[in-house]
Each structure stands twice: as C-alpha cells, then as structure tokens.
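One structure is given below, encoded as structure tokens.
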Amino acid sequence: MTAEDYLEGQVLLIDKPLTWSSFQAVNKLKYVLKRKYDLPKKFKIGHAGTLDPLATGLLIICTGKFTKKITEIQAQAKEYTGTIVLGATTPSYDLETEVDSTFPTEHITEALILETTKQFLGEIDQKPPVFSAIKKDGKRLYEHARAGEEVEIASRKTTIYEFEITRIALPEVDFRVQCSKGTYIRSLAFDFGKALQSGGYLSILRRTKIGDYSVENGISPDAFEKSLL
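Using our numbering, read the sequence shown as starting at 706 and increasing by one per residue.
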C-alpha cells in the first residue's frame, strides 16, 4: 500500500480488542498511518459503527475518500455472538456496572428458552440502555445515568432476523443474533431475561459480521501496525 492508496480510500477490517473504545482503535490506526506515510493533517479516517469497550470483534475503519461509504456500511445487517447471564440485572445491562437485582431461575428450562427466542424475531420495540451514547436534552444518556438523573427513554423499532441459542449452561446462555442497524444487544439480553420471568444481562459480546464483511478477515490494531513495518 502507498500513501495514495489510503488517501483514495481503503476499508480496513479490525478485530477490536476487549476494553478498547472504537475511538481508540481509530486513533491508533490514524497515528500509525500518518507516521508511516507522512499523511496530511486533514487525512480522513473513521469507523462504521461503534463497539462498546466491553465488546470485541469487527470494527470497520474507512480511510480517505472511502469515509463517504460509512453511512452505507452502517446501514447493513450485523451479526453478534455472546453470552447472557440469567437470574440477575445490572443498570448498564452488561458488566460495566454491578448486579443490582437478582431473580429466580428454577423455572427456566431449555424448552422455555428456545420458545422465548421466538418472541424477539422480526420487528420489535426496544428501549436503548440508559448507559448508552444516545443524546437527550443535550447530554448523552450515560452522562445522565452516571449523574443519577432519571430520564424517560423512548422505544425504537428494530429488527431481529435470527436469534439462535448455541449453548445453555444456566445461568449462562450463549447466542448468535443477526439484526438491523440500531439494535442494542444489551437491551435484548435485558428484555430476554424479563420475558423469561427472570432477569438477564450481557457478559460477553462479539460482533462477527457487518453485511458481507466478516471478523474472520480482520486483524488487531497491533497486528495492523506490525504489518506496516
């Protein structure tokens, strides 16, 4: 690759490590590319869809003129795998916050779990987690949440194309989901626990696909840096 290649535009498939923010991953690539190729200050680079720090997997990063493709890529269907822990909830719907409530799980059977997934197929109403980056009244929801402020969150339409249970070892349930843009898997975990007359939160999340792009073809930010040496 040459400087011109990156300026004209590239789609880079990054396997985002755990605890990294999407912003950190973009900044890392921007830094190593500018250092390697002496790119101009106005060099454009951005990602096509945020991944939470506690999630791993596919982060698509576009450079140069291909940053115009970001909106188009973001609109494509996404696939995730992960683990839901049943019998408890957390305010953030994942491991960012501590368990705040516990619920019974004795009544939950494999048959009930498999039957309950059917409730979430197709177009559903979903409320984003209060710990999310959506803005309300000029502040991000997580800023309201961390300040202890209660805010009313409107539900949104989203579509679940596939919801497959891949392992049941209560209280853990592994899954694979294909969904539309704007779906919060943390909210799906919370709502799934509620539908089982219990609680649920997300303990593991990995994005495996966006459209035809797969994490199998992705590399870590550090591996990308080494590839430029």
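Backbone N, C-alpha and C define an ideal beta-carbon position, used for all residues, glycine too.
Counted within 10 angstroms of its Cβ, other Cβ atoms place residue i as buried (16 or more) or exposed
i	result
HIS812	exposed
GLN902	exposed
ALA753	buried
GLY827	exposed
PHE771	buried
GLU784	buried
ASP917	exposed
ASP757	buried
LYS746	exposed
THR794	buried
THR724	exposed
ALA874	exposed
THR776	exposed
ALA816	exposed
ALA730	buried
Residue i versus residue j - alpha carbon distance
i	j	result
PHE895	VAL835	12 Å
LEU907	TYR798	6 Å
GLY751	SER727	9 Å
GLN883	GLU930	31 Å
ALA782	THR863	11 Å
ARG891	TYR742	39 Å
PRO876	THR810	8 Å
LEU819	PHE825	11 Å
THR814	LYS733	45 Å
LYS899	LYS823	14 Å
THR913	VAL920	5 Å
GLN831	ARG861	5 Å
Nonlocal neighbours in the same chain, by C-beta distance under 6 Å from residue i, ignoring five residues either side
i	result
GLY879	Residue identity check: residue 879 is Asp in the sequence provided, not Gly. Result list for ASP879: THR788, THR871 and ARG872, in chain order.
PHE808	GLY792, SER903 and GLY904
THR755	SER727
First and last residue of the uninterrupted beta strand (DSSP E) at residue i
i	result
SER908	905-915
ASP879	877-884
ILE829	827-831
HIS719	It should be pointed out that residue 719 corresponds to Ile in this sequence rather than to His. Looking at the DSSP string, the run of the beta strand (DSSP E) that includes ILE719 is 716-721.
Boundaries of the alpha helix (DSSP H) in which residue i is found, first to last residue
i	result
LYS774	Looking at the DSSP string, LYS774 is not in any alpha helix (DSSP H), and its letter there is neither H nor E.
GLU669	The requested residue 669 does not occur in the structure, where the chain is confined to residues 706 to 934.
GLY898	890-900
LEU712	708-713
SER932	926-932
GLU815	815-822
Residues of its chain near residue i, where Cβ-Cβ distance is below 8 Å and the 5 sequence neighbours each way are ignored
i	result
PHE748	TYR711, LEU712, LYS735, LEU738, LYS739, THR768 and GLY769
LEU744	ALA708, TYR711, LEU712 and LEU738
LEU800	LEU759, TYR906, LEU907 and SER908
ILE924	LEU718, ILE719, ASP720 and SER932
Residues of its chain near residue i, where Cβ-Cβ distance is below 7 Å and the 5 sequence neighbours each way are ignored
i	result
SER806	ALA793, THR794 and GLY904
ALA780	LYS886
LEU935	Coverage of the chain is limited to positions 706 through 934, which leaves residue 935 absent and any answer about it impossible.
TYR866	ALA782, GLN883 and CYS884
(message) Ignoring anything shorter than 4 residues, give me the alpha helix (DSSP H) runs that lie fully in the region 735-799, in order along the chain.
(response) 775-779
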